[in-house]
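Its first residue numbered 1173, the sequence shown is counted upward by one per residue in our numbering.
Ideal Cβ placement from N, Cα and C applies to all residues, glycine included.
To start, the structure under review is shown below, and the notes come after it.
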Amino acid sequence: VPVVIGHQQRYVISDAQAPAPAIYVGYRVPSAKDRRAAAVTLLGDVIGSGRSSRLYDALVRRQQIATNVNAFNLGLADGADELIFIATGKPGANADSLEVAMMAELAGASRDGVGEGTRRAWRAHGRQRPGGQVSSAPR
């Protein structure tokens, strides 16, 4: 699936009533019918779902610039799908700083991939496919 269709799109929406900044980043991924769909779901979970995720560790625990992170795959069956990552900053936090930190962590995940330590941790938490195999994204 091509990374960009036409060009990268970026929108900034300012809201004086918003108590905290939120950053949403979406990536084109294979559709839910594609054989790589399970790997995409696992990748999203490892990077951005829950307190054991890479984004949570970096943005909430270590840098303490976010209060929550999340990731989800839309699961579209036809055409290209989208994998979305969200980071919610602390009240009054700088949105630009949150975006820079989030993009750096996503770039690191892309560069480093999912290692054996992460796969072992997922096995320990019971996140396995039928047959006992853990889904993983190729490095």
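With a 10 Å radius around its C-beta and 16 neighbouring C-beta atoms as the bar for buried, classify residue 1233 as buried or exposed.
Here residue 1233 is taken as the residue at index 61 of the sequence shown, counted from 1. With fewer than 16 other Cβ atoms within 10 Å, it is exposed.
Integer-rounded CB distance, given that residue 1195 should sit under 8 Å from residue 1246
Working through the sequence shown from its first residue, we reach residue 1246 at position 74. Working through the sequence shown from its first residue, we reach residue 1195 at position 23. Contact doesn't hold; Cβ gap of about 18 Å is too wide.
Exposure label - residue 1253; buried when at least 16 CB within 10 Å:
The residue given as residue 1253 occupies position 81 in the sequence shown. Answer is buried; the Cβ neighbour count reaches 16.
Alpha-carbon spacing of residue 1184 relative to residue 1242, whole angstroms
Your numbering for residue 1184 matches position 12 in the sequence shown. Your numbering for residue 1242 matches position 70 in the sequence shown. Straight-line Cα distance between these residues: approximately 19 Å.
Please determine, among 1274, 1256, 1190, the residue with the shortest C-alpha to C-alpha distance to residue 1235.
One-based indexing of the sequence shown puts residue 1235 at position 63. For residue 1235, the nearest C-alpha among the options comes from 1274.
Pairwise C-alpha distance: residue 1191 and residue 1264:
Counting from 1 along the sequence shown, the entry for residue 1264 is found at position 92. Counting from 1 along the sequence shown, the entry for residue 1191 is found at position 19. Whole-angstrom Cα-Cα distance: 7 Å.
Quick one, which of 1238, 1268, 1182, 1209 has its alpha-carbon nearest residue 1250's?
Position 78 of the sequence shown holds residue 1250. Looking at the Cα atoms, 1209 is the closest of the given residues.
At 4 residues or longer, and completely inside the segment 1186-1271: list those alpha helix (DSSP H) runs for me, N to C.
1209-1220
Around the C-beta of residue 1221, are 16 or more other C-beta atoms found within 10 angstroms, so that it is buried, or is it exposed?
The residue you call residue 1221 lines up with position 49 of the sequence shown. The residue is buried, with at least 16 neighbouring Cβ atoms inside 10 Å.
Would DSSP call residue 1182 helix, strand or coil?
Along the sequence shown, read from residue 1 onward, the residue named residue 1182 stands at position 10. It is coil, neither helix nor strand.
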